[in-house]
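Student: UniProt numbering numbers the first residue of the sequence shown as 1 and each following residue consecutively.
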Amino acid sequence: MESGDATPCLLGNFVLDDTVSRMKLYNPSILIKQPKIPLAFAWPADDRRAAVGNLDVPVIDLSGFRHGDEAAARRAAEHVRAACREHGFFQVINHGVDTEIYVAAINAINGLFDLPFDRKVEAGQRKGRIKGYAVGHSDRFSVKLPWKETFTFVHGFKGDEAGAVERYFQSALGPDFQQTGRIYQSYCEAMKELSLVIAELLGMSLAGDRKWYREFFEDGKAIARCNYYPPCKEAELTLGTGPHADPNAFTILQQDEVSGLDVFTGGRWSSVRPVAGALIINVGDTFEALSNGEYKSCLHRAVVNPDKERRSIAYFVSPRHDKVIRPPPELIAGGDGDGDGNGDHRKFPDFTWLQLLEFTQAHHRVDGETLRCFVDYLRRAGG
1 MESGDATPCL
11 LGNFVLDDTV
21 SRMKLYNPSI
31 LIKQPKIPLA
41 FAWPADDRRA
51 AVGNLDVPVI
61 DLSGFRHGDE
71 AAARRAAEHV
81 RAACREHGFF
91 QVINHGVDTE
101 IYVAAINAIN
111 GLFDLPFDRK
121 VEAGQRKGRI
131 KGYAVGHSDR
141 FSVKLPWKET
151 FTFVHGFKGD
161 EAGAVERYFQ
171 SALGPDFQQT
181 GRIYQSYCEA
191 MKELSLVIAE
201 LLGMSLAGDR
211 KWYREFFEDG
221 KAIARCNYYP
231 PCKEAELTLG
241 TGPHADPNAF
251 TILQQDEVSG
261 LDVFTGGRWS
271 SVRPVAGALI
281 INVGDTFEAL
291 SNGEYKSCLH
301 RAVVNPDKER
311 RSIAYFVSPR
321 HDKVIRPPPE
331 LIAGGDGDGD
341 GNGDHRKFPD
351 FTWLQLLEFT
361 QAHHRVDGET
371 LRCFVDYLRR
381 AGG
């Protein structure tokens, strides 16, 4: 948060009007050729402290878990529990996502961001909307802009939204992006299936119950985002994504071979080394509440490279918008679990994902304090 803010949990520099003209201030093809970055892309020195070494992130083989090997499932759950209590990050291999699908998805990123800038801006995010193109989130903010381009779309888990991703690509970018839309439709369907496996694994690691969390997310939604981080001549002065904890339940991240993900744990930043074929999972604020604080949503960031571009795809998993975020009874020791606070050993009040999402869109720029500030906001609103 910015120092000196009279309301430290609310940010006042949202720029939600005239988003197209704001994006046109920052044409990436021009920016990357400049010897110096614009001041709006500069980040405080404390946020830019160099990473020290690589984070020990467990690489978990999901093959046994997915095929009913109980011994393998218990081992996987133990690794997940240890990681999520320490920093909330782990990687998965043999995850069931077809290699052809995730290779096609990461390769299609260049086709999106190589478009002429004016055409990308036509597909730009509009006031109050998540979907679309953005450069440095300049459609929303005016300071501490991340050095990246993004294209965001939404994927519903239920069949009544079948084909929605493919249709969105065509409506936003034109009929020549039908095949790209099909690629990301297939990608999202594969990620949905994996997300339910991850929900099972998280549930087993928490309370031994594989079903509760899977069922909780079966009618959920995801926000998918393609990220492109161009090379930056002053990479040491900016960030691709600033320090933050994800507000959603958990995130599935696919990155290319260029390092860039850092995690803050043990009082320092450490890098997460890319593993070929692996997907990175991290716990978000919503799952921290769903686990009654057992698992932590951890601060992380993306750094940029002076010489190399970096690409990633984030699949942000969340429950259905109106579903109440409340831990299962077995995680509320001694309480009745009804959310009224009487006798509950609850660390967070009841809320819905839509409430938290709207908070991050209208009141609070996502950072490491989002969940705490949101809880304060709910309590103030409730009198």
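Cβ atoms here follow ideal geometry from the backbone N, Cα and C, with glycine treated the same way.
Here's the rule: buried if 16 or more other CB atoms are within 10 angstroms of the residue's CB, otherwise exposed. What is P44?
Tutor: Flag for P44 reads exposed.
Student: For P328, report the span of its beta strand (DSSP E) as first-last.
Tutor: Segment: none, P328 is in no beta strand (DSSP E) and carries neither H nor E.
Student: To the nearest angstrom, report how far apart L158 and L173 are at their CA atoms.
Tutor: With the sequence shown as reference, residue 158 is identified as Lys, and Leu is not the correct amino acid for it. Cα to Cα, K158 sits roughly 24 Å from L173.
Student: Under 8 Å by Cβ, that's how I've got R273 and S291 pegged, so tell me the actual separation to the nearest angstrom.
Tutor: Actually they do not touch by this definition, with Cβ atoms about 27 Å apart.
Student: Between the C-alpha atoms of E161 and D367, what's the straight-line distance to the nearest angstrom?
Tutor: Cα to Cα, the separation comes out at about 31 Å.
Student: Indicate the three-state DSSP secondary structure (helix, strand or coil) for P230 in the structure shown.
Tutor: Coil.
Student: In whole angstroms, give me the CA-to-CA distance for A51 and R140.
Tutor: Cα to Cα, A51 sits roughly 28 Å from R140.
Student: According to DSSP, is G339 helix, strand or coil?
Tutor: Residue confidence for G339 is low, a pLDDT of 42 falling below 50, so the modelled location carries little weight; the figure read from the coordinates is stated next. Coil, per DSSP.
Student: Name, in chain order, the residues that DSSP records as bridge partners for A302.
Tutor: A302 is bridged to T241 and L261.
Student: Just tell me which of P243, V92 and V121 has its CA closest to the CA of L201.
Tutor: For L201, the nearest C-alpha among the options comes from V92.
Student: Is R301 closer than 7 Å to L239 when the C-beta atoms are compared?
Tutor: In contact: L239 and R301 (Cβ atoms closer than 7 Å).
Student: How far does the beta strand (DSSP E) with S318 in it extend, from its first residue to its last?
Tutor: It spans R310 to S318 - the beta strand (DSSP E) in which S318 sits, taken as one unbroken run.
Student: Do you know how far the Cα of P327 is from the Cα of E294?
Tutor: Approximately 10 Å, taken between the alpha carbons.
Student: Could you give the DSSP three-state label for W269: helix, strand or coil?
Tutor: In this structure, W269 counts as strand in the three-state DSSP scheme.
Student: Kindly give me the distance between the Cβ atoms of P247 and I32, rounded to whole angstroms, as I take these residues to be in contact under 8 Å.
Tutor: Not a contact, Cβ separation roughly 30 Å.
Student: Got a sec, what are the start and stop residues for the beta strand (DSSP E) D61 sits in?
Tutor: V59 to D61 is the extent of the beta strand (DSSP E) around D61.
Student: To the nearest angstrom, report how far apart L378 and Q355 are at their CA atoms.
Tutor: Computed Cα separation, rounded: 9 Å.
Student: Look at the alpha carbon of D176 and the alpha carbon of E189, and state the distance between them as a whole number of angstroms.
Tutor: Their Cα atoms are separated by approximately 22 Å.
Student: Ignore the nearest five residues each way along the sequence and tell me which others in V375's own chain have a CB closer than 7 Å to its CB.
Tutor: These residues qualify, in order along the chain: F348 and P349.
Student: Below 8 Å CB to CB, which residues in the same chain sit around residue 408 once its five sequence neighbours on both sides are set aside?
Tutor: Residue 408 lies beyond the stretch modelled for the chain, which goes from 1 to 383, so this question has no answer here.
Student: Residues in the same chain with beta-carbon distance under 7 Å from G341, minus the five sequence neighbours each way, listed in chain order, please.
Tutor: For G341, the predicted structure reports a pLDDT of 43, less than 50, and the residue's modelled location is therefore unreliable. A value from the coordinates is still provided. Counting only Cβ-Cβ distances below 7 Å, and skipping sequence neighbours, we find nothing.
Student: For my contact list, I325 and S186 are in at a C-beta cut-off of 8 Å; report their separation, rounded to the angstrom.
Tutor: In fact, because the Cβ distance is near 30 Å, the residues do not count as touching under 8 Å.
Student: Nearest-angstrom Cα distance between L357 and V303?
Tutor: Cα-Cα distance, rounded: 25 Å.
Student: Hey, E122 and Y228 are a contact pair by Cβ (cut 8 Å); roughly how many whole angstroms apart?
Tutor: Not quite, the Cβ-Cβ distance comes to about 17 Å (not below 8 Å), so this is no contact.
Student: Let me check understanding here. Comparing Cα to Cα, which of K221, D262 and N107 lies closest to D256?
Tutor: Among K221, D262 and N107, the Cα nearest to that of D256 belongs to N107.
Student: Taking the alpha carbon of E237 as the point to measure from, which residue in V57, A40 and A245 has its own alpha carbon closest?
Tutor: Note that residue 237 is Leu in the sequence shown, not Glu. The option with the nearest alpha carbon to L237 is A40.
Student: Going by beta carbon distance, what residues of the same chain come within less than 6 Å of G64, once the five residues before and after it are set aside?
Tutor: The answer, listed in chain order, is A72.
Student: For W147, tell me which candidate among T265, N27 and L115 has the shortest Cα-Cα distance.
Tutor: Selected option, being the one with the closest Cα: N27.
Student: Return helix, strand or coil for Q255, following the three-state DSSP convention.
Tutor: Reduced to three states, the DSSP call for Q255 is strand.
Student: Taking A314 and T251 to be in contact with their CB atoms under 8 Å, please state how far apart those CB atoms are, rounded to whole angstroms.
Tutor: With 8 Å as the limit, A314 and T251 qualify as a contact, their Cβ atoms being about 6 Å apart.
Student: Just grab the DSSP bridge partners of L279 for me.
Tutor: BP columns for L279 point to V92.
Student: Return the first residue and the last residue of the beta strand (DSSP E) that residue 430 is part of.
Tutor: What is shown of the chain runs 1 to 383, which leaves residue 430 out entirely.
Student: DSSP beta-bridge partners for T360?
Tutor: DSSP, once it has assigned bridges, lists no residue as partnering T360.
Student: Would you decide whether K144 is buried or exposed? Buried here means 16 or more other CB atoms lie within 10 Å of its CB.
Tutor: That one is buried.
Student: Measuring CA to CA, which of Y133, Q170 and A362 is closest to C226?
Tutor: Residue Y133 is the option with its Cα nearest to C226.
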